[in-house]
Amino acid sequence: MGVCVSWSRKQSARFEWHISAVGVGPSCFSFARRKGDLMEVTLLGTGDTTGTPTVACKCETCRTARDPPEALRRRLRDQGATMTAAGGVERTRFSVHVHNDRTDESLLVDFSPDFRHQFLREEVPLPDAGIVTHVHFDHLDGLGNCYRLLDDLAVYAADETDPETGESVAGTVASDYAYLDQVTVHPQTPLEPFEVCGFEVTLVPVVHPPLLCYGLAVEDPETGAKLSVSGDTAYDIPRESCEVLADPDLFLADAIVPADLCEYHPLGGAHHDSEGVPRTFGTKHMTREGALSLADDLNARETRLVHAAHFYPAEEAFDRDSLPPCSHTYPVTGAETGDNFGSGRK
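Every letter in the sequence shown is one number past the one before it in this note's numbering, and letter 318, counting from 1, is 370.
Structure below.
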């Protein structure tokens, strides 16, 4: 079930929104800069590598996710949350479904280990093509779910050799999934656009040591709609990557924890702002504050924070005005026709 509210581009383009509720169900955006066909973006999962609730974790956030107080459970249902059979809520691992209404094709950004559950839950079309941003398991290991589901699937990934692995992302995908006859891997050079599902897509290098990792921009050349995805990254991404990601209608930004939790990371925080707030958690993920700062840097029209950990305090993790939904589809029409969004930065 989607949660959508109307929004017009005539309203303010800058917002003060932080993260979204752990359990509010599917997040879908549809948008175009001219009247007509839409790009529909469904956030299948917005969690980090362990999801929320995390297996065997007894923190307050995970306990609340498993068994919300009745008032919270009712509020989450009213917001369109996807509830578990036991009445709890969850944030599954990261994946984004992008449907081109003009061509009736679907592009999947990253293959979550929760692939099967996400597609059963949201009932979105199976992908015509996919993109893998990096080879960490929470972004890649769902690819095996395509066995017996698809006759063929084009998967796009970067062609740069990673000194850490001795392979490119494309090479790792091809070798790890050589048993899948349905999958054809198409290596792509970062910062060079390519066409897939009627979109123009550009992979951009970001900062996620020790592995190479990429964000991306997805643009519809016919309507002008633009989605930018930060990928897993620290705040200080290269200038040329920022230039590609700039001015999106929708920006999906890695925001693993609030900045005040950097004191618990062995390496602390980095890339502090003028007030001393760390915009990077450790070395390879943005804080919530860093994600919002990067959204400002990129002049993002709308922002949703993703890759959120269960370390968000329970009072923030379930606050719709504080965190974005665990999954959601937002129908958004462009400037001339009015926009519909669910929750996120507004």
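Yeah, the Cβ is synthetic: ideal placement off N, Cα and C, and Gly gets one too.
Between D100 and A360 the beta-carbon gap is near 6 Å, inside 8 Å, which marks them as a contact. For V270, the uninterrupted beta strand (DSSP E) segment begins and ends at Y266 to E271.
Taking 7 Å as the cut-off, the Cβ atoms of P242 and P261 do not count as close. Relative to the Cα of P273, the nearest Cα in the group A286, C249 and L255 belongs to C249. Sequence-distant Cβ neighbours of H324 in its own chain, meaning closer than 8 Å and more than five residues away, are P330 and R331.
Closest in C-alpha terms to V141, from the list T106, H151, G283 and Y208, comes T106. With fewer than 16 other beta carbons inside 10 angstroms of its own, A138 counts as exposed. The way I'd put it, the region 261-270 doesn't touch the region 313-328; fewer than three beta-carbon pairs between them come closer than 8 Å. For a cut-off of 8 Å, the C-beta gap from L96 to E174 is around 6 Å, short enough to register as a contact. By the CB criterion at 7 Å, D153 and L90 fall inside the cutoff. Taking the Cα positions, L202 is about 14 Å away from F167.
Assignment of Y208 by DSSP, reduced to helix, strand and coil, places it in the strand class. Distances from the CA of S326 to each of D204, E341, G334 and I183 were compared; the closest alpha carbon is that of E341.
With respect to the C-alpha of E216, the residue from D204, H188, T236 and V207 having the closest C-alpha is H188.
Residue pairing for P165: DSSP places it in no beta bridge. For S220 and V207, the gap between their C-alpha atoms comes out near 14 Å. Contact check for T98 and R143: beta-carbon distance about 6 Å, within the 8 Å limit, so the pair qualifies.
The three-state secondary structure of R200, taken from DSSP, is coil.
Looking only at P165, C294, T185 and C198, the smallest Cα-Cα distance to P177 is reached by C198. Exposure of A123 is indicated by the presence of fewer than 16 other C-beta atoms within 10 angstroms of its C-beta. Per the DSSP secondary-structure output, V256 pairs in a beta bridge with G267. The three-state secondary structure of L96, taken from DSSP, is strand. In this structure, DSSP gives L304 an extended state, which the three-state scheme calls strand. Listed in chain order, the non-local C-beta contacts of D180 below 6 Å within the same chain comprise E157, S158 and C249, local neighbours out to five positions each way being set aside.
Counting only runs of 3+ residues, the beta strand (DSSP E) found wholly inside the region 206-248 occupies 235-240 and 246-248, in chain order.
In summary, A133 is buried, with 16 or more beta-carbon neighbours lying within 10 Å of its beta-carbon over all protein chains present. Residue state for V187 is assigned as coil, using DSSP reduced to three classes. Residue environment analysis places P165 among the buried positions, since at least 16 neighbouring C-beta atoms fall within 10 angstroms of its C-beta.
Taking C-beta atoms as the reference points, H362 and T113 count as a pair closer than 7 Å.
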